Amino acid sequence: MATLLYRLGRGSMRRRRLVAAIWLVVLVGLGLAAATLRGPTASNFTMPGTESQQALDLLNEQFPAAAGATGTIAVKAPSAGQLGAPEGQEVIQAITAEAATVPGVVAAVDPFQVGAVSPDGQYALIQVQFSVGADQVTEEQREAYEEVGAEAQAQGWQVAPGGEVLNTEPEVGSTEAIGVAVALVVLVVTFGSLVAAGMTMLNALIGVGVGMAGLFALSGAVELTTTAPILALMLGLAVGIDYSLFITSRYRQNLLDGLPADEAVGRAVGTAGSAVVFAGATVVIALAGLAVVNIPFLTVMGLAAAGTVTIAVLVAITLQPALLGFAGRRVLPRRLRSAMPATTAGVEDDTNQQSDVTSHRAAPEAAAVTGEDRSTFGFRWARLITRFRIPVILVGVLGLGLLALPASDMRLALPDAGTAPAGSAARVSNDLITEGFGPGFTGRLAVVVAGDDAQATAAAVPQVTALVQRTDNVLAVAPPQLSPDGRTALLGVIPQTGPTDPATETMVHDIRTAVGGVDGANVLLTGVTAIGIDISEKLSDALPIYLGLVVGLSILLLMLVFRSLLVPVKAALGFLLTVAATFGITVAVFQQGHLADLVGLDTPGPLISFLPILLIGILFGLAMDYEVFLVSRMREDFVHGDTAQQATINGMGHGARVVTAAALIMTSVFGGFVFLDDPVIKSIGFALAIGVAIDAFVVRMTIVPAVMSLLGKVAWWLPRWLDRALPNVDIEGEKLRAQLDEKVPAGT
76 MATLLYRLGR GSMRRRRLVA AIWLVVLVGL GLAAATLRGP TASNFTMPGT ESQQALDLLN
136 EQFPAAAGAT GTIAVKAPSA GQLGAPEGQE VIQAITAEAA TVPGVVAAVD PFQVGAVSPD
196 GQYALIQVQF SVGADQVTEE QREAYEEVGA EAQAQGWQVA PGGEVLNTEP EVGSTEAIGV
256 AVALVVLVVT FGSLVAAGMT MLNALIGVGV GMAGLFALSG AVELTTTAPI LALMLGLAVG
316 IDYSLFITSR YRQNLLDGLP ADEAVGRAVG TAGSAVVFAG ATVVIALAGL AVVNIPFLTV
376 MGLAAAGTVT IAVLVAITLQ PALLGFAGRR VLPRRLRSAM PATTAGVEDD TNQQSDVTSH
436 RAAPEAAAVT GEDRSTFGFR WARLITRFRI PVILVGVLGL GLLALPASDM RLALPDAGTA
496 PAGSAARVSN DLITEGFGPG FTGRLAVVVA GDDAQATAAA VPQVTALVQR TDNVLAVAPP
556 QLSPDGRTAL LGVIPQTGPT DPATETMVHD IRTAVGGVDG ANVLLTGVTA IGIDISEKLS
616 DALPIYLGLV VGLSILLLML VFRSLLVPVK AALGFLLTVA ATFGITVAVF QQGHLADLVG
676 LDTPGPLISF LPILLIGILF GLAMDYEVFL VSRMREDFVH GDTAQQATIN GMGHGARVVT
736 AAALIMTSVF GGFVFLDDPV IKSIGFALAI GVAIDAFVVR MTIVPAVMSL LGKVAWWLPR
796 WLDRALPNVD IEGEKLRAQL DEKVPAGT
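Numbering (our numbering), first residue to last: 76 to 823.
Right under this line is the structure:
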């Protein structure tokens with residue numbers, strides 16, 4: 076692989092104008108395709124095979140009028156008892172009539188007819204039924220719905236339209252640009268060159284542009300959830316910058332070692348590019364592996380993000396060498412450029428057909444500009460860690476263990492309006508309903524009763540109603556709504572507790588158990604709350620399986636790379652520490668509310684159901700990235716004769732600066748999404764930022780060198796039979812360097 080990438084890098088640099096033109100055409104073409112073919116994103120989460128989804132499918136088939144999106148308009152009179160007066164009733168009837176005229180609304184229910192008025196006569200709920208699902212409601216229909224009751228509000232009434240119909244796509248605006256700006260500053264400090272920093276950022280942005288344009292172009296044919304494009308953007312930016320950073324950093328070092336420009340870029344892509352391909356492949360495999368849990372929306376999210384990561388890798392190993400050709404020596408700081416011999420910086424013309432022997436030759440007079448500086452922070456840190464390795468290991472493991480403790484209290488759920496951003500229409504309506512009627516009214520459930528004929532359904536409905544009413548935590552059961560043919564009935568169920576309350580989850584299971592024995596009809600429980608509970612439970616069941624898959628994969632992949640048994644096991648255990656500590660911190664902030672103000676979270680609550688499994692997949696790939704970059708240099712020096720202790724110090728000394736920069740960049744990019752109002756995106760960005768920081772700085776740059784120093788040469792032991800059985804992937808390009816050295820004639 077290293078040899079192939081070496082040739083690809085040199086070829087891309089020599090034909091840089093063609094490569095740049097191709098990527099520009101791809102970007103423009105996909106951009107036009109996205110503009111013309113882009114489809115809507117879905118704000119709902121479905122789970123085939125669950126009871127709640129079966130109920131929805133049944134409604135779509137037999138009672139489509141009740142299968143569309145629902146809305147609830149909360150109304151509060153200026154004073155208690157006012158709804159009992161004739162003028163108050165006129166206001167409610169006017170609002171109900173106005174709601175019925177909203178485009179797409181098939182019915183608006185007068186609260187006086189169904190008893191949806193608070194005992195104190197100050198609050199009322201108007202139920203609104205749309206003809207289509209929430210994802211099919213147009214922006215014009217949504218705006219008209221939100222404007223219902225404007226005249227009453229002018230008279231001092233509070234009117235707050237809410238419900239699933241207000242679910243919208245999170246807006247990605249200027250806040251995440253903060254993370255990109257910080258990443259650019261880190262690049263400038265790392266490289267000491269505006270050209271190198273700007274070129275690296277440009278390369279990453281082009282990759283993100285291509286990936287996102289392609290994703291939106293496909294959205295017309297593939298249903299994307301609202302979070303899928305944002306997750307793809309997060310990862311595309313973060314890995315795109317990091318991968319370009321790795322290759323540019325190695326190219327600069329090759330120039331300083333006296334190699335010609337095309338040879339420098341070829342070796343950079345052959346070595347650092349191999350690590351980039353491996354790291355990208357692990358991220359893609361982990362994300363695509365989300366399909367094994369058989370959850371459609373999660374599969375789409377994983378594949379969307381995997382697609383952007385794939386584009387980031389392709390851009391890094393093709394477009395990046397081309398941009399390096401355009402930049403020339405300007406990727407180096409001015410003081411280093413002036414010290415370099417002119418022969419080391421020339422970039423051959425696109426048509427130059429020099430022989431491989433000539434291009435491989437690094438002239439003796441083009442020696443490295445400077446000797447290796449072993450007084451840098453990376454070397455000093457490595458010597459300190461290896462000296463106090465046992466205390467470092469104990470403190471690191473115990474510290475991460477303490478941070479992981481809150482994870483034992485982790486609760487998962489789909490987000491409800493109670494955790495929506497303060498001041499949003501959904502949140503205002505939710506708070507008003509809770510204030511007037513209690514939290515249970517914000518998480519209504521629906522029982523679907525379907526018989527073979529109208530008589531069977533009519534006979535089953537009273538029995539089902541009685542069983543549900545006797546269930547603990549049920550506040551009320553609404554009268555049934557019947558389909559036109561009478562075969563299907565829909566019963567509204569109002570719990571005493573909110574949608575994400577553990578008692579509500581218990582009640583859902585109790586209702587399903589109670590109605591499971593009803594004869595003559597198929598009885599199914601659904602509703603947004605039930606759907607959230609079903610999804611959370613299925614994801615929780617899949618989490619251990621997926622975690623085992625990821626850990627097993629990490630051990631196998633690292634065994635291929637490092638030809639060792641203990642190094643992969645150590646890496647996997649470090650990954651588990653990272654995941655546990657990240658879960659603990661995220662639970663402490665977003666669920667328990669500690670320091671929630673610092674991230675702009677006004678209402679703590681359960682974590683989004685798919686966050687843990689998504690976090691495992693993403694952090695796995697990123698953790699392997701840093702592991703390969705640091706430990707591969709340790710292995711290289713150990714194989715070439717250094718002691719295990721010195722090899723560990725060398726690996727840290729050479730890799731610490733780049734890994735630090737890469738981790739800061741990823742943390743900054745992910746952290747930029749914490750400033751979004753949407754609590755789901757906020758929690759994902761926070762968890763990824765914390766996870767990357769913990770894995771890079773605590774696990775990979777602290778615990779790993781301490782453990783490697785403690786293990787000594789035993790770390791690199793591998794049974795001979797296994798060594799022969801495993802293919803050699805040659806991540807660091809050892810075979811490539813041997814081949815290139817053989818091609819240089821003796822005495823040159």
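Beta carbons are placed, not taken as given, at the ideal position from N, Cα and C, and that holds for glycine.
Predicted model, so just to flag it, every value in this text is computed and none were measured.
Query: Going by the CB atoms, is the gap between Ile740 and Leu407 shorter than 9 Å?; Result: no
Query: Using 9 Å as the threshold, is the C-beta distance between Leu670 and Ala762 below it?; Result: no
Query: Measuring CA to CA, which of Val583, Ala271 and Gln530 is closest to Leu557?; Result: Gln530
Query: With 16 other CB atoms within 10 Å as the buried threshold, where does Phe695 fall?; Result: buried
Query: Are the CB atoms of Ala535 and Val524 within a distance shorter than 9 Å?; Result: yes
Query: Classify Leu507 as buried or exposed, calling it buried when 16 or more other Cβ atoms lie within 10 Å of its own Cβ.; Result: buried
Query: Compute the Euclidean distance between the alpha carbons of Gly295 and Leu112, then round it to the nearest angstrom.; Result: 6 Å
Query: Tell me which same chain residues have a C-beta within less than 7 Å of the C-beta of Phe138, skipping the five on either side of it?; Result: Ser558, Thr563 and Leu565
Query: Quick one: what's Asn30 bridged to in DSSP?; Result: Nothing about residue 30 can be read from this structure; the chain reaches only from 76 to 823.
Query: Under the rule that 16 or more other beta-carbon atoms within 10 Å means buried, what is His729, buried or exposed?; Result: buried
Query: Would you mind sorting Ile465 into buried or exposed? The rule is 16 or more other CB atoms within 10 Å of its CB.; Result: exposed
Query: With a floor of 4 residues, list each alpha helix (DSSP H) that falls wholly inside the stretch 139 to 182, ordered by position along the chain.; Result: 161 to 175
Query: Quick one: is Val782 buried, meaning 16 or more other Cβ sit within 10 Å of its Cβ, or exposed?; Result: buried
Query: Mind checking Gly588: buried by the 16 CB within 10 Å criterion, or exposed?; Result: The residue asked about is misnamed: residue 588 is Thr in this sequence, not Gly. Burial call: exposed.
Query: Check whether the stretch 504 to 520 touches the stretch 571 to 586, taking contact to mean three or more Cβ pairs, one atom from each stretch, closer than 8 Å.; Result: yes
Query: In three-state DSSP terms, what is Leu549?; Result: For clarity, residue 549 is Val in the given sequence; the question names Leu instead. It is a strand residue.
Query: Starting from the Cα of Leu682, find the closest Cα among Leu673, Phe658 and Leu705 and give me that residue.; Result: Phe658
Query: Given this structure, state the Cα-to-Cα distance separating Val100 from Leu107, to the nearest angstrom.; Result: 11 Å
Query: Using a Cβ-Cβ cutoff of less than 7 Å, which residues in the same chain neighbour Gly163 once the five nearest sequence positions on both sides are dropped?; Result: Ala152 and Gln157
Query: Considering only the alpha carbon of each residue, which of Ala521, Val367 and Ala307 lies closest to Gln128?; Result: Ala521
Query: Pick helix, strand or coil for His435, following the three-state DSSP scheme.; Result: Low confidence applies here, because His435 scores a pLDDT of 43, under 50, leaving its location unreliable; read the following figure in that light. In this structure, His435 counts as helix in the three-state DSSP scheme.
Query: Contact defined as beta carbons within less than 8 Å: I believe Leu306 pairs with Val744. What is the distance between those atoms, to the nearest angstrom?; Result: Actually they are not in contact, since the Cβ atoms of Leu306 and Val744 sit about 12 Å apart, beyond 8 Å.
Query: For the 8 Å Cβ check, are there 3 or more pairs between the stretch 278 to 286 and the stretch 390 to 403?; Result: yes
Query: Terminal residues of the continuous alpha helix (DSSP H) containing Leu614?; Result: Val603 to Phe637
Query: Is the separation between the beta-carbon of Gly364 and that of Pro236 shorter than 9 Å?; Result: no
Query: Could you say which of Pro304, Glu221, Leu200 and Ala175 lies nearest to Thr116 if we only look at CA atoms?; Result: Pro304
Query: Return helix, strand or coil for Thr300, following the three-state DSSP convention.; Result: strand
Query: Would DSSP call Gly382 helix, strand or coil?; Result: helix
Query: State the DSSP-derived secondary structure class of Glu423, mapped to helix, strand or coil.; Result: Residue placement at Glu423 is flagged as unreliable, the pLDDT there being 43, under the threshold of 50; the coordinate-derived value follows with that caveat. Reduced to three states, the DSSP call for Glu423 is coil.
Query: Compare the beta carbon distance of Leu652 and Leu459 with 9 Å and say whether it is the shorter of the two.; Result: no
Query: Of the residues Val184, Val749, Glu218 and Leu614, which one's Cα is nearest the Cα of Val203?; Result: Val184
Query: Check whether the Cβ of Ala497 lies closer than 8 Å to any heavy atom of the ligand SAM, and answer yes or no.; Result: This structure lacks the ligand SAM, and indeed carries no ligand of any kind.
Query: Rounded to a whole number of angstroms, what is the C-alpha to C-alpha distance between Ala272 and Ala149?; Result: 53 Å
Query: I'd like to check one pair, Ala182 with Ala191: are the Cβ atoms closer than 9 Å?; Result: no
Query: Which of the three DSSP states, helix, strand or coil, is assigned to Gln230?; Result: coil
Query: State the start and end residues of the unbroken beta strand (DSSP E) segment that holds Val203.; Result: Tyr198 to Phe205
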